[in-house]
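Here the protein sequences line up with chains A and B, keeping their order. Going by this note's numbering, 35 is the number at position 35 of the first sequence; the sequence numbering is gapless. Going by this note's numbering, 1011 is the number at position 11 of the second sequence; the sequence numbering is gapless. From the three backbone atoms N, C-alpha and C, an ideal C-beta is built for every residue, glycine too. Structure record follows, encoded as structure tokens.
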Amino acid sequence: MSKRKDKEKVFEIKWKTDLPYRYSIGKLAVKFFEELKNNKKILGSKCPKCGKVHFPPRGVCADCLVEMTLDDMVDLSPRGTLAGFTVVNYPFVDPNTGGMRPFPYGYAIFKLDGADTYTMHFLDEIDHTKMRVGQRVEAVFKEERQGNIDDIPYFRIIKEEE
Amino acid sequence: MPKNDVAVVGIGQTKFRSKRRDVNIPEMIYEAAKMALDDAKIEPKDIDAIIIGNMDHFEGINFSELWCGIDAAPGYLKPVVKVATGGTTGSSLAICGYYNVASGIYNKVLVIGWEKLNEGGATTGIITAFDPVWERPSLAGALGPLALMANTYAAKYGITPEQAAKVTVKNRSNAANNPFAHLQMPNITVDYVMSSQMISYPLRLHDCCPQSEGACAIIYANEEETKKVTDNPAWIQSVATAHYYTFGTDTIMFDLPSAAIASKEAYRKAGIKDPVKDLDVAEIYEPTSWSELSWTESLGFCKSGEGGKILDEGITQMGGELPVNPSGGVLSTNPIGATALVRVAEAAIQVMGRGGKRQVPDVEKALSMGFGGSLWTEILILGKEPKR
């Protein structure tokens, strides 16, 4: 890169602001987090028309434009198969905390057994040479659960016979 | 069918850099807008409406069209419409502007895309564009998911980091021929790319697009108004948009299914049977080196898994049968709200034959592509003649 000959004059005004928000998570998510907190269960939603099992659970099947209700929620396995992985190794501010997201961290795209969609979450591995597409992964649950996604802090790579 | 034929008759873009601390947002927008007006040799009074866009939350601002689109754009006492669709913002702007003239609502429209990424945090801003409960916690902006895409693509077809690095070498050395490009690296090598820092496996620093500041503007006119201002317009022959998902990881998405769907529709509308033979140049939206390999496949330039092969055969190189990204592409310049509009502007420049050192000879038809965070694709085909 070329050096700029005449140095730019810097005049800065700095401030820091907290911008709090609150979100409605939706009917199906309420049920999901109740079951996660109380029973260590992972629920998806099954379209009553085409039978596609969605994870995360959601109110509408995009393929059919058909509503999915609490009655359409189904149990999913805590295990799945890796389709892709990475190790995030760069700094940035996490908008959900306002602080820096700790890194490096592993995260992956995988399909839970019983689901028709893929999902992404943290992986308990930061060495990319130890990961490969097709590996089996399993949800790790916190003992003290709050009813939020941190109740599954990460998935871990498992050998199938475990 | 569109009521009117529509042409690009004026183009303006700033020199893109990582920082433009010498100007504020309206001052930066003014540079591109004035350049486009001067290029078309028309006055602000000749413009019927302004279509302007960026991704406000990347800069931590809001309603920027109200304070940036009125005087600098120049939208004083005119209709001003804001468009913000993530990475596709620039192509959405271009398609929105096209609709406004093609429909007969306006005769001449000024379209402006811009971004001043250094003023905020793009990764943080991008994360806020996704579901706060399900997606934000692990999402790492754009590069994390693009790394997953590269990884799944590599696993499926056995693509190597070296093949990807060749894309960066091609595009950043092309950028050295483009006076507006941000990263111009005429002497870049595969080793240089492959020894850069691992950002998010398998993406290394130089597999990734930069963050740029700058603005791009184009002026559209209908047939009658086009004749008045230029004898060298670039006509819009077709436009297409395709969306794909609910949550970003619902499907294995490395091949960007929306690119296949949108490009097929754009080819059909523009009468293109074989894109490699019928198109003369393509300005595609490649946020990473890996994505250019994969998405040239999705655009139908080659079979699945052969993106690296057509690069090695020279097809997508300058001088090849279908040069991809003579401007240097997104790997060289990425001012998000302007990025996809730069693709359209560069396609128009190629059709007009005004590309200077980056000009591809005898361009009759050019493709431009926008890609957005919701995994959607927009395509515009431009040509020397209106498609009728």
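Residue(s) in a DSSP beta bridge with residue i
i, result
"Gln1013(B)", "Cys1216(B)"
"Asn1222(B)", "Val1006(B)"
"Met120(A)", "Ile109(A)"
"His54(A)", "Ser45(A)"
"Lys1082(B)", "Ile1052(B)"
"Thr86(A)", "Tyr107(A)"
"Asp75(A)", "Leu43(A)"
"Thr81(A)", "Lys111(A) and Arg136(A)"
Selected residue, minimal CA-CA separation from residue i, among the options
i, options, result
"Gly1090(B)", "Val1111(B), Ala1270(B) and Ser1327(B)", "Val1111(B)"
"Thr1088(B)", "Glu1286(B), Ser1304(B), Gly1383(B) and Gly1010(B)", "Glu1286(B)"
"Leu1256(B)", "Trp1235(B), Gly1271(B), Thr1296(B) and Tyr1267(B)", "Thr1296(B)"
"Arg156(A)", "Lys41(A), Arg22(A) and Val137(A)", "Val137(A)"
"Pro78(A)", "Asn96(A), Asp113(A) and Phe92(A)", "Asp113(A)"
"Leu1117(B)", "Gly1337(B), Gln1350(B) and Leu1331(B)", "Gly1337(B)"
"Asn38(A)", "Gln146(A), Asp150(A) and Glu160(A)", "Gln146(A)"
"Ile1236(B)", "Gly1086(B), Pro1079(B), Ala1348(B) and Leu1139(B)", "Ala1348(B)"
"Met68(A)", "Asp75(A), Ala83(A), Phe85(A) and Lys49(A)", "Lys49(A)"
"Leu1203(B)", "Tyr1153(B), Leu1143(B), Ser1173(B) and Glu1223(B)", "Leu1143(B)"
"Leu1375(B)", "Lys1303(B), Ala1259(B) and Asp1362(B)", "Ala1259(B)"
"Tyr1220(B)", "Glu1213(B), Ser1291(B) and Val1229(B)", "Val1229(B)"
"Lys1034(B)", "Ile1011(B), Lys1273(B) and Glu1059(B)", "Ile1011(B)"
"Gly1383(B)", "Gly1214(B), Ser1138(B) and Val1363(B)", "Val1363(B)"
"Leu36(A)", "Asn148(A), Pro153(A), Ile158(A) and Tyr154(A)", "Asn148(A)"
"Pro1002(B)", "Met1055(B), Ile1105(B), Leu1205(B) and Leu1037(B)", "Ile1105(B)"
"Gly1060(B)", "Val93(A), Lys41(A) and Leu123(A)", "Val93(A)"
"Gly26(A)", "Trp1067(B), Trp1134(B), Ala1094(B) and Val1083(B)", "Trp1134(B)"
"Pro1186(B)", "Ala1175(B), Phe1180(B), Pro1386(B) and Ser1196(B)", "Ala1175(B)"
The beta strand (DSSP E) enclosing residue i, as first and last residue numbers
i, result
"Gly44(A)", "Ile42 to Lys46"
"Ala1282(B)", "Val1281 to Glu1283"
"Phe155(A)", "Tyr154 to Ile158"
"Ser1368(B)", "Lys1365 to Gly1372"
"Ala1240(B)", "Ala1234 to Ala1242"
"Ile1381(B)", "Trp1376 to Gly1383"
"Arg1020(B)", "Run containing Arg1020(B): none; DSSP gives neither H nor E here."
"Lys1108(B)", "Lys1108 to Lys1116"
"Ala139(A)", "Arg136 to Val140"
"Ser1200(B)", "Met1198 to Ser1200"
Alpha helix (DSSP H) segment containing residue i, residue limits
i, result
"Thr1089(B)", "Thr1089 to Ala1102"
"Ala1266(B)", "Pro1257 to Ala1270"
"Ile1310(B)", "Gly1307 to Asp1312"
"Arg1343(B)", "Ile1336 to Met1352"
"Met1318(B)", "Here Met1318(B) belongs to no alpha helix (DSSP H), and DSSP marks it neither H nor E."
"Ala1036(B)", "Ile1025 to Ala1040"
"Ile1127(B)", "Ala1122 to Ile1127"
"Leu1148(B)", "Leu1143 to Tyr1157"
"Ala1176(B)", "Per DSSP, Ala1176(B) belongs to no alpha helix (DSSP H) and is neither H nor E."
"Leu1293(B)", "Ser1289 to Ser1298"
Through-space distance from residue j to residue i, alpha-carbon basis
i, j, result
"Pro95(A)", "Thr1123(B)", "9 angstroms"
"Asp151(A)", "Asn1004(B)", "57 angstroms"
"Val1193(B)", "Cys61(A)", "42 angstroms"
"Lys1019(B)", "Pro1275(B)", "37 angstroms"
"Trp15(A)", "His1182(B)", "29 angstroms"
"Met1(A)", "Gly1141(B)", "With a pLDDT of only 45 at Met1(A), under 50, the local geometry of the prediction cannot be trusted, and the value read off the model is given with reservation. Answer to the nearest angstrom: the Cα atoms are 26 angstroms apart."
"Gly1328(B)", "Asp1131(B)", "33 angstroms"
"Gly1053(B)", "Asn1334(B)", "15 angstroms"
"Ala1155(B)", "Tyr118(A)", "17 angstroms"
"Ala83(A)", "Tyr107(A)", "11 angstroms"
"Ile13(A)", "Ser1212(B)", "22 angstroms"
"Ser1263(B)", "Gly1300(B)", "8 angstroms"
"Cys47(A)", "Pro56(A)", "13 angstroms"
"Ile1070(B)", "Tyr1076(B)", "5 angstroms"
"Pro102(A)", "Tyr154(A)", "14 angstroms"
"Ala1094(B)", "Val1344(B)", "7 angstroms"
"Asp163(A)", "Leu65(A)", "An answer regarding residue 163(A) cannot be provided, because it is not within the stretch 1 to 162 covered by chain A."
"Ala1007(B)", "Gln1163(B)", "37 angstroms"
"Ala1073(B)", "Cys1216(B)", "11 angstroms"
"Phe32(A)", "Glu1265(B)", "39 angstroms"
"Gly99(A)", "His128(A)", "26 angstroms"
"Ile158(A)", "Ala1282(B)", "44 angstroms"
8 angstroms Cβ cutoff met for residue i and residue j
i, j, result
"Thr1251(B)", "Val133(A)", "no"
"Met1369(B)", "Ile1284(B)", "yes"
"Leu1279(B)", "Leu1205(B)", "no"
"Phe110(A)", "Thr81(A)", "yes"
"Leu43(A)", "Asp63(A)", "no"
"Leu1341(B)", "Val1239(B)", "no"
Heavy atom of the ligand ZN within 7 angstroms of residue i beta-carbon
i, result
"Gly1373(B)", "Among the components modelled here there is no ligand, and therefore nothing to report on the ligand ZN."
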